[in-house]
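J.:
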Amino acid sequence: MYCFNCSLHVGFNSDNNCRIMYSSHCLQSQAQHTEKQIKEEFEKLHQFLREEEEARIAALKEEEKQKSQKMKEKIEQIYREISSLSDTIRAIEEELKDEDISFLQNFKTMKERAQCTMPDPQLLSGGLIDVAKHLGNLKFRVWEKMKEIIKHTPVILDLNTASSCLCLSDDLTSVSQTGPKQQLPDNPERFMKYPTVLASKGFSSGKHSWEVEVGDHPDWIMGVAKESTDRKGEVNASPEYGIWALLQRSGKYTNVKGETLLLKKKPQRIRVQLDYDQGEVSFYNSKDMTLIYTHKDTFTETLYPYFSIGSAGDAKSTGVQICQSE
Numbered sequence: 001m002y003c004f005n006c007s008l009h010v011g012f013n014s015d016n017n018c019r020i021m022y023s024s025h026c027l028q029s030q031a032q033h034t035e036k037q038i039k040e041e042f043e044k045l046h047q048f049l050r051e052e053e054e055a056r057i058a059a060l061k062e063e064e065k066q067k068s069q070k071m072k073e074k075i076e077q078i079y080r081e082i083s084s085l086s087d088t089i090r091a092i093e094e095e096l097k098d099e100d101i102s103f104l105q106n107f108k109t110m111k112e113r114a115q116c117t118m119p120d121p122q123l124l125s126g127g128l129i130d131v132a133k134h135l136g137n138l139k140f141r142v143w144e145k146m147k148e149i150i151k152h153t154p155v156i157l158d159l160n161t162a163s164s165c166l167c168l169s170d171d172l173t174s175v176s177q178t179g180p181k182q183q184l185p186d187n188p189e190r191f192m193k194y195p196t197v198l199a200s201k202g203f204s205s206g207k208h209s210w211e212v213e214v215g216d217h218p219d220w221i222m223g224v225a226k227e228s229t230d231r232k233g234e235v236n237a238s239p240e241y242g243i244w245a246l247l248q249r250s251g252k253y254t255n256v257k258g259e260t261l262l263l264k265k266k267p268q269r270i271r272v273q274l275d276y277d278q279g280e281v282s283f284y285n286s287k288d289m290t291l292i293y294t295h296k297d298t299f300t301e302t303l304y305p306y307f308s309i310g311s312a313g314d315a316k317s318t319g320v321q322i323c324q325s326e
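The opening residue of the sequence shown carries number 1 in this note's numbering; numbering runs sequentially from there.
Take a look at the structure:
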C-alpha cells in the first residue's frame, strides 16, 4: 500500500507508516464489527430470556385460571347448599304456623328435615398456587435450558493470525479459502506466505482434544504449532519448524516425516488429542476412534492448534469446521 501524502515528507518511511495507518484503520473497523457481533449475541440471549419469562408467566396464569375455576365451582356448590337449606328453613317455618293437629301429623317428617345439616366447607387440596414449582431453583432451571441452545467449542480461531487468503466464520469456528487475497494488516501474528491460521488459545501443559469436520475437502493440514513458528517466511509442516500435524492432499494422508499413512476409511471428522506432558499429538477418525497416527516429541513452548487450508476445488466442503463439545 502506498500513500502519496507520506512520500512528500523528507526522511519519512512511507511504506512502514502507511502500514501503521492502515492497521489503525483496521483496528477501528474490527472494534466496530466486534461490538456489533457482541450486541447481536447478547440480543439472542435477551430474546431467549424474554421468551422463557413469557412461557413461565403463562404457565403461572394457566395454573391460576384452572384453580380459580375449581374454586369458583366449589363456591357455587356452597351457595346451592345454602339456598337449599334456606328453602328448608322457610318450609319448616310455614308448617309451624299450621294448626296443632296438622303440626302433630307432620311432626316426624318436620323433625327429620330440621335435623339435616350442611357439612363444613373444606378447602380444596392443592387449591393454592404451587409457588415452589414456579420459583424453586428458577435461575438454575433457566440456565439448564439455556445450555441446550448454547454450545461450547473447545478451539476458537484467532482472526489476527489468519492468512489474507482465508475466510473465517463470524463465530471463529470454521475456515475456508477465499480465493483472491484480502487486504489485511501485516501484523506480527499473521501468517503471510501460507493459508494458515492458529487458535486463539495455546496449551503448555495437560491433555487437550478437539474435533474438526473436514468432509470431502481435498487439501488441509491440521495439528499443533509452537508459538515461535515463523509466520512470514518459508516453512514446512514439520517438527523442524515447530509444527506437528497430519496432512491430506487429494485423498493422500501423510505425517510430518513425509510418510504415507494408509487408511481403511476416509475420515469425515478428525479428532486431535494433545498430551503436552507426554509429548504426544495423536489423530483419530472420530467416527470409530481408529488411531491414524501419533507424533512423539518433547515440547518446550506453548502449542497452538494449527490449520492450513488449500483450495476446495469441486468438493462439497468448502472449508473445515471445528466441532462443538458434546
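Every residue, glycine too, gets a C-beta built ideally from N, C-alpha and C.
Would you report the Cα separation of Ala315 and Glu213, rounded to the nearest angstrom?
T.: Ala315 and Glu213: Cα-Cα distance of roughly 14 angstroms.
J.: If you check the beta carbons only, do Ile327 and Ser209 fall under 8 angstroms apart?
T.: Given a span of 1 to 326 for the chain in the structure shown, any question on residue 327 remains unanswerable.
J.: For Glu73, which of Leu135, Met192 and Gly127 has the nearest alpha-carbon?
T.: The candidate whose alpha carbon is nearest that of Glu73 is Gly127.
J.: Should Asp297 and Lys207 be called a contact, given that it needs their Cβ atoms to be closer than 8 angstroms?
T.: Not closer than 8 angstroms, so no.
J.: For Ile129, which residues in the same chain have their Cβ closer than 8 angstroms to its Cβ, ignoring the five residues on either side in sequence?
T.: If we look at Ile129 and ignore the five residues flanking it on each side, its Cβ neighbours are Leu60, Glu63, Glu64 and Lys67.
J.: For Gly233, I'd like the list of residues in its chain whose CB is within less than 7 angstroms of its CB, leaving aside the five on either flank, ordered along the chain.
T.: Same-chain partners within the cutoff: Lys193.
J.: If you follow the beta strand (DSSP E) that Val272 is part of, which residue opens it and which one closes it?
T.: First-last of the beta strand (DSSP E) with Val272: Arg269 to Asp275.
J.: Where do the ends of the alpha helix (DSSP H) carrying Val131 lie?
T.: Segment Val131 to Leu135, the alpha helix (DSSP H) holding Val131.
J.: Could you give the distance in angstroms between the alpha-carbon of Thr260 and the alpha-carbon of Pro180?
T.: One C-alpha to the other measures close to 31 angstroms.
J.: In the DSSP assignment, the alpha helix (DSSP H) including Phe283 goes from what residue to what residue?
T.: Phe283 -> not in any alpha helix (DSSP H); beta strand (DSSP E) instead, spanning Glu280 to Asn285.
J.: Would you identify the three-state DSSP class for Arg305, choosing helix, strand or coil?
T.: Per the sequence shown, residue 305 should be read as Pro rather than Arg. It is a strand residue.
J.: Report buried or exposed for His33, applying the criterion of at least 16 other Cβ atoms within 10 angstroms of its Cβ.
T.: Label assigned to His33: exposed.
J.: Give me the residue from Trp244, Asn285 and Tyr253 with the minimum Cα distance to Glu301.
T.: Looking at the Cα atoms, Trp244 is the closest of the given residues.
J.: Check this for me: beta carbons of Asp219 and Gly310, under 8 angstroms apart or not?
T.: Yes, they are a contact pair.
J.: Please name the residue in Glu280, Arg271, Ser250 and Tyr293 whose C-alpha comes closest to that of Ser286.
T.: Ser286 has its Cα closest to that of Arg271, out of Glu280, Arg271, Ser250 and Tyr293.
J.: Put Leu157 into one of helix, strand or coil per three-state DSSP.
T.: In this structure, Leu157 counts as strand in the three-state DSSP scheme.
J.: Taking all protein chains shown into account, decide if Glu43 is buried (16 or more other Cβ within 10 angstroms of its Cβ) or exposed.
T.: Exposed, by the Cβ-count rule.
J.: How would you label Ala58, buried or exposed, when you count the other beta carbons within 10 angstroms and need 16 or more for buried?
T.: Result: exposed.
J.: What does a CB cutoff of less than 6 angstroms around Tyr2 pick up in its chain, not counting 5 residues either side in sequence?
T.: With a pLDDT of 27 at Tyr2, under the threshold of 50, the modelled position of this residue cannot be trusted, and the question is left open.
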